[in-house]
Every structure is written in structure tokens, then in C-alpha cells.
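Residue numbers (the working numbering), protein chains in the order written: chain A, 10 to 501; chain B, 22 to 130; chain C, -15 to 149; chain D, -12 to 622. Notes follow the structure.
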Amino acid sequence: MEILLLIFLPLAGAIIVSLFGKHQQAKTAAFIWSLLSLGFTGYLLDGFDPAAGTQFTVDFPWLLSLGSRFNAGIDGISMLLVLLTNALVPLIILASFSHNYKSPGAFYGLILFMQSGLLLVFTALDAFLFYVGWEIALIPIYFICAIWGGSNRIKVNIKFFIYTFAGSLIMLLGIIYMAQQTPDKTFDLLGFYQLSLSTSEQSWVFLAFFMAFAIKMPIFPFHTWQPDTYTESPTAGTMLLSGIMLKMGTYGAIRWLIPVAPLGFAQWGQTALTLAVIGIVYASLIAFTQKDIKRLVAYSSIAHVGLIAAGIFVWNLQGLQGAMIQMLNHGLNVFGLFFVLDIIIRRLGTRDMDKMGGIAKMAPKFSITFLIILLGTVALPLTNGFIGEFLLLMGLYNYNIWASAIAGLTIILGAVYMLRMYQRIMFGPSADNTLTFADIAGTEKVVLFVVCALILFIGVYPKPLLAISETSTRELIDFVNGKIAGGSPTNY
Amino acid sequence: MEAVTQSIQGVPLNHYILLSAIIFSIGVMGVLIRRNAIIIFMSIELMLNAVNLLFTAFSAHRGDAAGQVFVFFVMALAAAEVAIGLAIIVMIYRNTNSTDINVLNRLKW
Amino acid sequence: MNLFYFVAFLSIFFSLLVIFSKNPVYSVLFLIVTFFTFSVHYILLNAQFLAIVNFIVYMGAIMVLFLFVLMLLNLNKDTEPMKSSLLKIAGVVSGLCLLLTLVGAVKSLNVSEPLILKDPGIGLVKNLGKVLFNEFLLPFEVSSILLFSAMVGSVLLAKKDPKKI
Amino acid sequence: MINLVWLIPLFPLIGFLINGLGRSFLPKGAVGFIGSLTVFLSFAVSLGIFFELNGSVTKSFTIQLFDWIQVGNLSIPFSFQVDPLSSLMLLIVTGIGFLIHVYSIGYMHHDTGFAKFFSYLNLFVFFMLLLVLGSNYVVMFIGWEGVGLCSYLLIGFWFSNPAYASAAKKAFVMNRIGDLGFLIAIFLIFNTFNSVEFAKVFPQAASLTAGSDVITLITILLFVGATGKSAQIPLFTWLPDAMAGPTPVSALIHAATMVTAGIYMIARSNILFTLAPFTLDIIAVVGLATAILAALIAITQTDIKKVLAYSTVSQLGYMFLGLGVGAYTGAFFHVITHAFFKALLFLGAGSVIHAVSNEQDMRSMGGLKSKLPVTFYTMLMGTIAISGLPPFSGFFSKDEILAHAYEHSKLLWLIGVIGAMFTAFYMFRMLFLTFFGKFRGTTEQQAHLHESPASMTFPLIVLAVLSIIGGFIGVPEALHGNHWLAGFLEPVFSASEQRTGASHLDHSTEYILMTVSVIAAVVASFIAYLRYARNNHVPVPDTAERTAFANVSYNKFYIDEIYDALITKPLNILSGFFYRIVDKTFIDGFVNGLGRATAEAGKGLRLLQTGNIGFYIFIMIAGIVALLVYGFYNI
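See below:
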């Protein structure tokens, strides 16, 4: 029953917050409510046993005529993402305190609504439920971006929506096909796991699921919706998209793609890996010469997610554990980066880094926190990014040294474009508009402090987080490897 | 009357079907080649009657009265349809001064 | 037996005339004749009730309605702009195609037993009435609503636009 | 005492936190005091550990702090290793670090970012100590990257100048290129030995056959890492640019400690390298080439710090030469002595710059001998030491490297001696240009000339003394010494030495080699004296014509320009190409094209909706026919 509370708590909050309508107190209410979710997650975490597999399960009949049950639960992999979601949402709400969005009730209500959808995705153990969550999460973000976004928002958002939705529909085909193959025509995840389809069937199912996840992450060459959308969305929308929503894709790949179609993975995994690795270098290179800071970070996000995806597709323990912790880290870092950019853009009124410079002199606190977040992104040791990238690259290395070497270029290229951005924004002589740049204060300070503290904490002591998912990832890997090796479906 | 009914015995059922099919197809052809709405209407009546005949034939063959009851209903329906249809045609004629269906192509993109 | 083929030939012949005659009034008249042949078919099948109804309702009521409309609209002249001959041929060909497929379909069913009137009495008014008012009472009554609504509808449609009066 | 080793990095970390958090309200005196004190405390602990280790029978201790990363069979503890190598390095880092902190109190006194400077400096010491103390490659890597970060922060300390900020970025990126090599080497090591702990890797490695592919690959990758950090060809160009940082930074990071991390790492992994003779050859060649190239550039430089920077690159090249020919002790010996005299020279240069109001061009100096006596005499000691004149420290260490080089290949030795000649020449050139002749700066600067305060001269004097006597820890047997250093480091290098065998040069050969190199150095310094002190030759201004060689040397062999044309520009062009052509036109064009194609198809299909009923019926009939045909003939 805890799961139900977890999922529907934000939904209830969404309804309550939406009642605020045009009152700016909506943000306070939303923030308090999201803290409630976070607190509840803490309670769950306290009762969570990493070694015990799926926990807190709820399972009751839902759409029986379709063969779908409301079946949800949390294992180590889900736990980390639930944690990420419920930790980031309060931060995102807090980060948007400085904005006065029109009709805040709707805005913050949508954020909480989306949180519900995301939690449903991360905990669903039934394919149909998973799909429902998947689409539920898409609707609020569409409205957030389409209503509160930049000038070009409508066109960009239609592309984003149709693109991701097309991917989802292809996945739905795969889900329905899988459900038809199960003996009792149900959507149960474990039922999917037990199936032993032929290689060609699994290949098709793999490709169908892969399309949805690849677009959502996004992996090269399915990424072109992303920079535009990130650039045009309101900052809170960008944070939701990049911080949490794209983890739906990576999470899906771990739980719904590879174990569901192991033979398809054996067939196509290498292709997927190649795409991911190409994406790393490709996006990094593009980020080199971007002048729009939001777009630059958007491309950097493609590169980093490419690395996570690569870590998943090598399918070994280091890679997968690296991917798990890096999902968390990337969520945190990219949130921090976008928040920092938001502060800059709000104060300077431009996204063009050529018109910036010398901010470090005006705002020392800001420059330090920015630097820490940046270092987390470029994976400096003792920041969180290092743990993730180290494990990911190690996982890649265990697969193939060249994959590791090419993906490792992200270490160099990431430093190049990130430092270039930092230099252009923070260093150099002050431009006219930066002379009056105010240092961070109030909620900005709180948010940035929390983010920096988390970045350093995870970097220094990642063990508890790694421990949460280790058993689950190991079991999943063993299960899939057993199936690929041709054994009869072992119990999972 | 006996003689009349006797005379029909021995006609293969297929020939009834064939006859209905021919009449039905003639109705379809009428719809396709004519532009006068009233003629098209009449072609539709032709098709309906073809179907009626087949209903009756099968009803008689199987000894089931339901088929003939259906024909009765079809006739009721045809009457209603003709009433409405002709009313519409009159209406259209009043507006366009023509019963040419090619004039009535407003229902497009 | 031969009587059937003769009447069938007449049905086909007159229905062809219906669609190919240029004057709409002739078309209506040929249609009446066609319906008459249908009534003969009904009689041959011993469906006396239907034959009478067909005679009264179709030939008497419906076709007269058609004639009235034609007269009212003054369409009795040969004014219909005919379709181009290419379209005509296309129409005929597709009609024949339909016929061909229908016939082929029937052939493939292999039903060619001779028609036997199992119960010659079912077509009589008495028997049919029993069925109609027992099993099909509700549809029968409902059809009255249909007719009623058709009546209302046609009156509403055909009356002149009040603004124009 | 050894169990308290975690205190050593902790003190600077505390200093960093206090100074970093309190930088807006702590008075300058307190900041300087805290910054220096923390490093001094570390030095004290290091000293204690050093003596304890010296008297102990066991020579290697591992102190585990906590489990850091734990995934499957990959277990990386956060642990420290104390052995002779690390304890000596600790002394250098904390000792020289302390002196430079003291020096900075005077040098940076007028800077508005005083507290920031000290906090960064403390942070650097912290990371450097992690690098030194790490008991596995990953902890070492933390320090390795961490010092890179601090180097970035300190080079870009005066970030308002875009050129300085670019120099900082360049340093970080070039270091990162090396770091990737290091990182992949770590993966390779873990894969081969199933551990990254020194204590587990080296014993396993010792049992392997020499020259196997894996070892060669590991060592080459490690060396790539070292070239980045220690500024060797091809990744050396960041170091001269790094002189954009404040001078104490150049002394501490870019001369004494951080740049020697590569040598430290290779010395630490000596057994791996000994097993890879091919890599050793590469190292020797690269080291020597760097030494010569940097020396050639240094000859014509006019910026006093640039001269020292190229001199550092050159000396680092010597150290790599030493590593490459198997003289691990010699190379590390040179690390120690170089730390003394190069820190001294940099601090001296800082003192000069301080005196002439931040002028760095030697063409505007001269005749400072009388105004800055302490600086002059201490720098003289440093110059003599680096030139390799006995009995100053540089003589012993450089001689040991050259002796081993001779043993390895006479050609290497010859080139090395020529390089040493260059060294002596450009160092004395710098000294004469700065302190001899007449003052060439503006009158304003002349009026302002003054000797530096005590906080700056004290470190100079200490370092000068160390530069003079530092060599006596490694007096070779040929000079009737017992080479205490070799004995002390013996546990670290014993496995390698067992494989290579002891030195077999006889004493007379060694005497000849020493004599030759000393004569070469004396001749070179005499030429410098004639040219710059007697004839008062001053380098021509930038605009003047130069000879072809001087031009190439003055422009640093155009290496920056070559890199720019070969790497930076093509990458930028590629980036633009990817963005505009591949991404926007091709991929996005395809995606948008799909959308547009759907819309166009809709527009086309819409035309079917003619509104012509006859047409609809026609289509309907066709559909019926098709369905019937399909249904009955099962086509």
C-alpha cells in the first residue's frame, strides 16, 4: 500500500495546488507538498532492504478485461530513481521560486502531476501500467513547455510531443505483442521475463522498445528534438525533462528492454552501443562551438546520457551500477547547471555567451557553486560525476577497450566545452550587463548549496547509493545472461 | 392457384440468386452512370427489390416466414426512405434548380 | 418453370430500360413495370401477401410519389446532362464486375438444389400475420415510429423556408 | 605516528575550508597564518613519519580509511600508503609548500583575492598529498586530477585577463588528455591484476615476463598520463602558458611538486616499467627530446618566468630520461634537488618581479644586484645548482642520470650533456640579464626598487641552503659517498634493480663523465658571461629582425600554432559541420521531413475527397468487389 501512497501523494498535491489558481502561494504549497513526498521516500528508504528484491508490492485487479493488473513495487533499481524523482522535484520547485509564472496553480500542479506519472513509470511491474505512466508523464511536461515556454515554443513542442509519442506507440506495439504471447494474455512484467520467444521475434520486440527509449533518452540519431525543446522550455520544464524524464528511457532500457528481449539484445545490443558511443563524441563536438548556453548544456546532456546508455548496453555489473549512480548524478548535475544558467539568463536577459563575461568578479559565491557543479559534470574525482563515469568507462572497458577509449574522450571534450563556457561566462573582463550582476541570495543560495553538498557527498561517499541497487542489478544481469546463454527461463 | 405454385417447383435456387444479382448489379450500374438524383434513387429501389426477392425465395425454400416479414419491413423502410429522400431532392432542387448530383460536391476538403 | 424464366427475363429487360432510358418519366414507368414483374415472382413463390403489398405500396404509393415529384419539378424533359461515355462505360464495367464476382461467389458455394416450397402456406396473409404479430410485434410497432418520423421529416424538409415566403 | 598519516592531508583541507568559507571576513593576517600553519603541521607530521619510517624495519604501511567504491569484485578503498618514496615526497610537498605559503604572505599581500589564493593553495596541497599518499591508482588519480583542478584555478587566478583564463583552460584540458590515458591504464591494470592496490599489483607484476603486450600497453598509457601532468612532448605547451598564475603558484605547482607527479607515478610503478623495456626506450627518447627542445626555446626567451618554465620542462625531460634508462633513484633524486633549486629560482624571480612592479620582461631589468642582494645571491646559488656545478645539489642528481644514460647508450649521454650545456647557458643568461649591467626599466620602476620583505627572503635563504647542500643525500660511491638516498629508497626499487642489475660503471669512467659535464657547464656559463655580463648584450625587441634559428626558438618552434592548425581548428570546423550540416540539415531535416511528408501526403490524399457522390460510390463498389474477391477466392 505504500506504493499507492507514494504514487498518489503528488497527484493529490497536484489537485490541491491547482486550486490556488493565480495566487503565487501555489509555489509554497507545492514545495511543502513535494517535501512531504520526499519525507515519505525517506521513510520507504528506511524500511528498504537492498538484498530483498522487489518490495512494498501492491497487486490488485485493474483492467482485467485487458489482462492488466495494478502491479507495482520497488527494488533497488527503482528505489534510486524514486529517490531521484522525489529529491529533485522539491529542488526544481524551489529553484523556480524566483520566477512569477502566470497561473502558478496550474504550473505547479502540472509539476506534481508529472511527478506522479514518473513514479508510476519507475515502480510499475505491469507493462500496461508502465505505458500509462509513460504517457501520463508526457502530458504535463507538454503543457508546461507549451504554455510557459519561449517564443518558438509551439512548433518545438509539437515536434517534441509527436516525436516521443511516435516512439511510445511503437513501444506499445511491442508491449501488446508480448502480452499476446504470454499464456494468459497478461501484461505482467515477470510474465514477459518468463517468455522464450524466437530470436527474430525478440529482435523486433527489442527494436520496438528501443525506439521509445532511444528517443526519450535521447540517443544519437534520435536526439534532434532535445536541444530545441530544452532551449525553448521554461527552466523548470527543462530541469524536469533533463533531470528526471530522460531517466525514464534509461530505466526502461534496464528493466523493460534488455531483460524482456535478451536475444534481441544479443542481436542488436552492439548496434545500440555503437550509436550511444557515437552520440557521446558527436554531441560533445557539437557542444564545442555553441554560443547559446542552454543549447550547449543540452548537447552536453546528450553526450552524458550517451555514456549512461553505453554503460547499460555493455550489460555488466560495473557498467550497470555506473549507469544507476550516474542517472542520479546526471539528474543532479544537469539540474544544477540549468539552474545556474537560469540565474544568469534571468539577470542578463540573454543566452548568448559572447555577451557575458567577468561574472566571477561580481558574484564569488555564485562562481564557486557554479564551478562545483561544473566539476561534477566533467567528472572530477571527489565529485559525484567521477564515480559514475569511472564505473561506466570501466564497464565499457570490460566490454571493449576501444569503446572505452572513444567514450573516454568525453572526459577531455567535456572539459573543453564546459570550461570554455565557464570561461566565457565567468572570466574575462566584465561586460556592461554583468557589471551589476548580483550574487546569489535566498532560495538560490539554498538550492545551490544543497546541490553542491550532494555532489561532493556522493563523490566522497557513494557506497550507500551503490549498495541500494547492487543486488538488483546483479540479479538482473545474471538472469539475462542466463537467457542469452540459452538456458531455459530461470526464475527471476 | 395450385398450378401456379406447381409451376415454380424445380427452378434451382441458384437461378433466383442469379436473378437477384443481375437486378442488383443493374441498380448499381444505374447509380454509377446516371447523374439525375431521382434516377439514382430509383436504382436504389431496384437494388432493394432485388434483395426482397431473394429474401422471399429463401423464405419459401426454407419454409420460414421470418424472411417474408423482413421483406415487409424493408418495404416499410423503403417507403420512409423515399419520403425523406424525395423531400431532400425537392429541397435541393429548390436551392440549385437542378437534380444533378455533380452539382452537389460541397462535401469535400 | 418456364414461366419463371420468362418473368425473370422481363424483370431484367425492364430494369435495364429503367436505367438506360433518357427521359425520367419513362424510367419511372419502366420501374413500375419492373415492380409488376416482381409481384409476379412473389405470386409464383406463393407469397400472396407480399405480392399484394408490393403492388399497393410500391407501385401504388412509392412510384406515384416519384411521378409526382418529377411532375412537380418539371423534370419530365430529357434535360439530364449525361455523363461522358467513358464514365458510363466505366460504370457499366464496374457493375458487371460486381455481377461477376457475385455470381462467382454464389457458384463457389455450390448451392444448386431446386427450389421446393416446403410449406406453401406461409406466404398467406393469415400465416404471415400470425408471425408478424407474435414474434415481430415489437419491431412492427417500432416501425410505425420510423414511418411517423419519416413523415414529419419529409414535411419539414419539403415545406418552404419560412423566411422566403 | 604512521597511523596518524590521515592528519597530513586533513590539515590543509581544514585550512582550505576555513580560508574558503571565511574569506570575506577573515583578516589577511589570520588567513596567511592559518594557511601556513596547516601546511606546517602537515610538515611536522610528515617529518615524524619520516623518522619513524627510517628507524623501522617494515618499510611499507597501508592505512585504510573507508571503502570508497564497491561494485562487484571491484573494490576501491580510500587508503594511504606510507613507504620511503611517499614519505620523502611528503616532506618535499609539505616542506616546500610551507615555505611557499610563507613567501605568499608577502608576495600576495596587496592582492584582493588574498584569502582565495590561500584557500586554493591549501586545496592544492591537500590534493597533492592525496596523490602522494594514495595506496592505489584510483586514490592517486583523485589527487592527480585534483591538482589539475587547483592548477586550473591558480593559473586563472587573475581571470579578468582573458589570456590568463585561456591558459588555465589549456592546462586543464591538456592534463585531461593525459588523464584519459591514465584512466584507461587503471582499467587495464584492474583487468590484468584484478586489483588497483599497489600492494597487490606490484608483487603480481614482478612474476610476469618482461615485454608482454599487456604490460607494455599499461606502461605506455601510464606514460601518456605522465606526459600530460609533467609537461612532456607532445603535451608540454601548457606549462609555459601556466606562468600566467601568480609566481608562488609557478614555484609550488609548476616547478616543485605537481609537475613531478608524473615522475613520482612512474617511480611508484617502477616494476611495471622495468618489465616493459620498449616503453622505457620511448620514455628516454621523449624525455631527452623534451629536454633539448625546451632548452632550445629557453635560450631566446625574454620573459623571466618563461625561461624558468622552459627550464622546468627541460629538467623534467631529464628526469624522464633518468626513468627511461632505469635510474629510478637518480630521477627521484633529481625531483628532490630540482624542487629545491627550481622553487628557489621561481621565488627569486617572484621577488624580482615584485621589486620592479610586476615587470616580467628581462629586457627591462638589469643591474638589480645591488638593489636586491639577498635575491641575487640566493638566485645565484640556484643557478649554479641547476647548471650542475659541484658540489651544489644539481650536480649530483644530474650526474647520476647522465651516468646511467651513458651506461644505456652513449648517444643519449652526449645529447644529455649538450642539453646540460644549454641549461647552464640560458640560466646564466637569465641571471646576468637580470642582475648585471644597468637598469633598463622606467624611472618610475627604478624609484620603486626595493628588497623584498622578510617573509619572502626567508624562504629564499632556506631554499638556497637546501640547494647547496641538498645533493649530499646522494653522493655516489665514486666520490666516497654512501648514497644514503639509494639506500633509503631501496625497498621501493629493489624488484626493478634485481632485474636490471647494479650499475657496473667503473669509477674512472664516472670521473671522466663528471669532468666532461662540469667542463661543459662551465664553458656554457662563461659564454653567457661574456655575451651578457661583459658585453651587455640585450635581446632585441619583438619587432626587430632575428636570425632564422632565433626566430624559431623565440616563437617556441611554432608548436602552439601547429597544434592550433592541426587540432583546434579542425575540431572547431568539425563541430560546426556536425552542428549545421549533419545535425540541423541531415538528421533534423530527416525528422522534420518525415513530419512534412505526412502533411504532404495528407494534402494529397485529401484530394480523393472530391465531394462527387458518383465517385464515392464507384470507390465503394470497387471496395465491395475487392472484398468479395478476397473473401471467396482467398487471394
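Don't be surprised by glycine CBs; every beta carbon is placed ideally from N, CA and C.
Checklist entry - Is DSSP giving Q288 (chain D) helix, strand or coil here? => result Taking the first residue of the fourth sequence as position 1, residue 288 (chain D) is located at position 301. Q288 (chain D): coil per DSSP, three-state reduction.
Checklist entry - List, in order along the chain, the chain C residues whose C-beta lies closer than 8 Å to that of L98 (chain B)? => result The count along the second sequence starts at 1 and reaches residue 98 (chain B) at position 77. Counting only Cβ-Cβ distances below 8 Å, L98 (chain B) has contacts in chain C at S127, L130, in chain order.
Next on the checklist: Between G367 (chain A) and chain D, is any beta-carbon pair separated by less than 8 Å?
Outcome noted: The residue given as residue 367 (chain A) occupies position 358 in the first sequence. At least one chain D Cβ lies under 8 Å of G367 (chain A).
Checklist entry - Does DSSP classify Q299 (chain A) as helix, strand or coil? => result Counting from one through the first sequence, the residue named residue 299 (chain A) turns up at place 290. It is coil, neither helix nor strand.
Checklist entry - Taking the alpha helix (DSSP H) that Q433 (chain D) falls in, what are its first and last residues? => result On the fourth sequence, position 446 is the one that residue 433 (chain D) refers to. From DSSP, the alpha helix (DSSP H) with Q433 (chain D) extends over 430 to 435.
Checklist entry - Is A270 (chain A) near the ligand ATP, with its Cβ less than 7 Å from a heavy atom? => result Of the ligands one can find in the structure shown there are none, so the ligand ATP has no counterpart to examine.
Checklist entry - Given 8 Å as the limit, is there contact between the stretch 258 to 278 of chain A and the stretch 202 to 218 of chain A, that is, 3 or more CB pairs closer than that? => result yes
Checklist entry - Per DSSP, N118 (chain C) forms a beta bridge with which residues? => result Translated into positions along the third sequence, residue 118 (chain C) becomes position 134. Looking at the DSSP output, N118 (chain C) bridges to nothing.
Checklist entry - Should I153 (chain A) and P243 (chain A) be called a contact, given that it needs their Cβ atoms to be closer than 8 Å? => result Position 144 of the first sequence holds residue 153 (chain A). Position 234 of the first sequence holds residue 243 (chain A). Taking 8 Å as the Cβ cut-off, I153 (chain A) and P243 (chain A) qualify as a contacting pair.
Item to check | Backbone secondary structure at S43 (chain D) - three-state DSSP | outcome: Counting from one through the fourth sequence, the residue named residue 43 (chain D) turns up at place 56. If DSSP states are grouped into helix, strand and coil, S43 (chain D) belongs with coil.
Checklist entry - Does the pairing of the stretch 219 to 231 of chain D with the stretch 535 to 551 of chain D give three or more beta-carbon distances under 8 Å? => result yes
Item to check | DSSP-derived helix/strand/coil call for F229 (chain A) | outcome: Counting from one through the first sequence, the residue named residue 229 (chain A) turns up at place 220. Of the three classes helix, strand and coil, the one that applies to F229 (chain A) here is coil, per DSSP.
Checklist entry - Out of curiosity, what's the CA-to-CA distance linking G375 (chain D) and I353 (chain A)? => result In the fourth sequence, counting from the first residue as 1, residue 375 (chain D) sits at position 388. In the first sequence, counting from the first residue as 1, residue 353 (chain A) sits at position 344. C-alpha separation (whole angstroms): 54 Å.
Checklist entry - Since K110 (chain C) meets chain B, which of its residues come closer than 8 Å, beta carbon to beta carbon? => result Here residue 110 (chain C) corresponds to residue number 126 of the third sequence, with the count starting at 1. Within 8 Å Cβ-Cβ: nothing; K110 (chain C) doesn't reach chain B, min ~11 Å.
Item to check | Residue burial classification, G56 (chain A) (beta-carbon count within 10 angstroms, cutoff 16) | outcome: Locating residue 56 (chain A) in the first sequence gives position 47, counting from the first residue. When all chains shown are included, G56 (chain A) counts as exposed.
Checklist entry - So, is I176 (chain D) buried or exposed, given that buried needs 16 or more other C-beta atoms within 10 angstroms? => result What you label residue 176 (chain D) is simply residue 189 of the fourth sequence in a count that begins at 1. Buried, because 16 or more other Cβ atoms sit within 10 Å of the Cβ of I176 (chain D).
Item to check | Any chain C beta carbon closer than 8 Å to A586 (chain D) | outcome: Residue 586 (chain D) sits at position 599 when you count from the first residue of the fourth sequence. It does not: the Cβ of A586 (chain D) has no partner Cβ on chain C nearer than 8 Å.
Checklist entry - Mind pulling the chain C residues with CB within less than 8 Å of L595 (chain D)? => result Indexing the fourth sequence from 1 puts residue 595 (chain D) at position 608. Going along chain C, no residue has its Cβ under 8 Å from L595 (chain D), so there is no contact; the nearest lies around 17 Å.
Checklist entry - Which residue or residues does DSSP assign as beta-bridge partners of V449 (chain D)? => result Residue numbering aside, residue 449 (chain D) sits at position 462 when the fourth sequence is read from its first letter. In the DSSP output, where bridge partners are listed per residue, V449 (chain D) has none listed.
Next on the checklist: Here's the rule I'm using: 16 or more other beta-carbon atoms within 10 Å means buried, otherwise exposed. How should A609 (chain D) be labelled?
Outcome noted: Taking the fourth sequence and counting its residues from 1, one reaches residue 609 (chain D) at position 622. Per the 10 Å Cβ criterion, exposed.
Next on the checklist: Can you confirm whether N30 (chain C), when its beta carbon is compared against all beta carbons of chain B, has any partner nearer than 8 Å?
Outcome noted: To locate residue 30 (chain C), count along the third sequence from 1; it is residue 46. So yes, N30 (chain C) belongs to the interface.
Next on the checklist: Helix, strand or coil for I63 (chain D)? Go by DSSP, reduced to three states.
Outcome noted: Within the fourth sequence, residue 63 (chain D) is the residue found at index 76, counting from 1. Three-state DSSP puts I63 (chain D) in a strand.
Checklist entry - Relative to the C-alpha of T359 (chain A), which residue among A:G159, A:L53, A:I224, A:M333 is closest? => result The count along the first sequence starts at 1 and reaches residue 359 (chain A) at position 350. Taking only the C-alpha atoms, the option nearest T359 (chain A) is A:G159.
Checklist entry - Going straight from the alpha carbon of I65 (chain B) to that of A142 (chain C), what length do you get? => result Here the question's residue 65 (chain B) lines up with position 44 in the second sequence. Here the question's residue 142 (chain C) lines up with position 158 in the third sequence. Looking at the two C-alpha atoms, the distance is approximately 21 Å.
Next on the checklist: Let me make sure I understand the geometry here. Which of D:C137, D:S73, D:K216 has the alpha-carbon closest to that of I377 (chain A)?
Outcome noted: What you label residue 377 (chain A) is simply residue 368 of the first sequence in a count that begins at 1. I377 (chain A) has its Cα closest to that of D:C137, out of D:C137, D:S73, D:K216.
Checklist entry - Taking the alpha-carbon positions, what's the P498 (chain A) to E484 (chain D) distance? => result For the purposes of this step, residue 498 (chain A) is taken as residue 489 along the first sequence, with counting starting at 1. For the purposes of this step, residue 484 (chain D) is taken as residue 497 along the fourth sequence, with counting starting at 1. For P498 (chain A), the pLDDT reaches just 49, beneath the cut-off of 50, and the residue's location in the model is therefore unreliable, leaving the point undetermined.
Next on the checklist: So, under 8 Å CB-CB, G9 (chain D) and T25 (chain D) are touching, yes? Tell me the CB distance rounded to an integer number of Å.
Outcome noted: Stepping through the fourth sequence from its first residue, residue 9 (chain D) is reached at position 22. Stepping through the fourth sequence from its first residue, residue 25 (chain D) is reached at position 38. Not really, about 13 Å apart at Cβ, beyond 8 Å.
Item to check | For N57 (chain B), the three-state DSSP class (helix, strand or coil) | outcome: Numbered from 1 along the second sequence, position 36 holds the residue referred to as residue 57 (chain B). Of the three classes helix, strand and coil, the one that applies to N57 (chain B) here is strand, per DSSP.
Next on the checklist: At the level of alpha carbons, what is the spacing between A39 (chain A) and D228 (chain D)?
Outcome noted: Looking up residue 39 (chain A) in the first sequence gives position 30. Looking up residue 228 (chain D) in the fourth sequence gives position 241. Approximately 51 Å, taken between the alpha carbons.
Checklist entry - Who are the Cβ neighbours of M47 (chain C) in its own chain at under 8 Å, not counting the five residues just before and after it? => result Locating residue 47 (chain C) in the third sequence gives position 63, where the first residue counts as 1. Cβ within range, chain order: V12, L15, I16, F19.
Item to check | Where E497 (chain D) falls: helix, strand or coil (DSSP) | outcome: In the fourth sequence, the residue the question calls residue 497 (chain D) occupies position 510. E497 (chain D): helix per DSSP, three-state reduction.
Checklist entry - Under the three-state reduction of DSSP, which class applies to T499 (chain A): helix, strand or coil? => result For this step, residue 499 (chain A) is matched to residue 490 along the first sequence. For T499 (chain A), the predicted structure reports a pLDDT of 49, less than 50, and the residue's modelled location is therefore unreliable. The matter cannot be settled from this model.
Item to check | Beta-carbon gap between L282 (chain A) and V323 (chain A) smaller than 8 Å | outcome: The sequence position of residue 282 (chain A) within the first sequence is 273, counting from 1. The sequence position of residue 323 (chain A) within the first sequence is 314, counting from 1. Between L282 (chain A) and V323 (chain A), the C-beta gap is smaller than 8 Å, which places the two residues in contact.
Checklist entry - At which residue ranges does the stretch 483 to 548 of chain D contain complete alpha helix (DSSP H) runs of 4 or more residues, listed in the order of the chain? => result Runs of the alpha helix (DSSP H) inside the stretch 483 to 548 of chain D: 494 to 515, 535 to 541.
Next on the checklist: Give me the subset of the stretch 592 to 619 of chain D whose CB atoms are less than 7 Å from a CB atom of chain C, sorted by chain position.
Outcome noted: For chain C, the residues of the stretch 592 to 619 of chain D that bring a beta carbon within less than 7 Å of one of its beta carbons are F605, I608, A609, I611, V612, L615, V616, F619, in chain order.
Checklist entry - Can you pull the DSSP bridge partners for T49 (chain D)? => result One-based indexing of the fourth sequence puts residue 49 (chain D) at position 62. Looking at the DSSP assignment, T49 (chain D) forms a beta bridge with D:Q68.
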